[in-house]
């Protein structure tokens with residue numbers, strides 16, 4: 083069967099016409115086993131940024147900018163065509179996805195309700211509960227490190 087005799091939009095079903103499935107491999111930059119000088123440099127920049135940003139008071143303009151600017155830089159990095167990505171993960175089972183989505187939606191509704199009510203002592207928001215934990219500057223710096231690492235991980239997916 084030749085390609086011309088097959089209706090438009092359908093492939094010829096011959097053995098010679100089948101192409102093997104591509105095997106997803108890890109891109110070369112992600113298979114490095116030892117840190118490169120570029121990785122060490124970016125890690126030092128990220129750590130320095132986190133230490134500086136950790137000194138900013140919570141819920142201030144500098145703290146907000148210290149959160150938004152790295153996020154914008156990571157979005158730019160993700161949209162570059164030369165950024166190497168990890169292979170796509172296996173799809174999740176629909177049942178577990180629905181269950182976790184329901185938990186996330188319920189948590190979001192609870193947070194919105196608590197914030198709209200004014201975050202009482204009996205029903206505090208998560209930010210009120212975590213406030214004492216992230217109040218010291220070293221804890222905020224660790225939070226910025228976690229934010230940057232999570233952002234890089236998400237971008238490379």
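Residue numbers (this note's numbering): 83 to 239.
For each residue, glycine too, the CB sits at the ideal point set by N, CA and C.
Between residue 233 and residue 152, the CB-CB gap stays under 8 Å.
Contact between the region 216-231 and the region 128-142 is present, with at least three C-beta pairs closer than 8 Å. When DSSP states are grouped into helix, strand and coil, residue 176 belongs to the helix group. Annotation: the continuous alpha helix (DSSP H) that includes residue 149 extends over 143-161. In this structure, residue 155 keeps its C-beta atom at 8 Å or more from the C-beta atom of residue 226.
Rounded to the nearest whole angstrom, the C-alpha separation of residue 216 and residue 145 is 13 Å. CA-CA distance, residue 140 to residue 183, rounds to 30 Å. When only Cα atoms are considered, residue 196 and residue 188 end up about 12 Å apart.
One Cα belongs to residue 208, the other to residue 137, and the distance between them is close to 22 Å.
In the three-state reduction of the DSSP assignment, residue 209 falls in the helix class, which pools H, G and I.
For residue 223, the enclosing alpha helix (DSSP H) covers residues 219-237. Between the beta-carbon of residue 168 and that of residue 222 there is about 29 Å, and that puts the pair past the 8 Å contact cut.
Membership of residue 201 in any alpha helix (DSSP H) is not indicated, and neither H nor E is assigned to it by DSSP.
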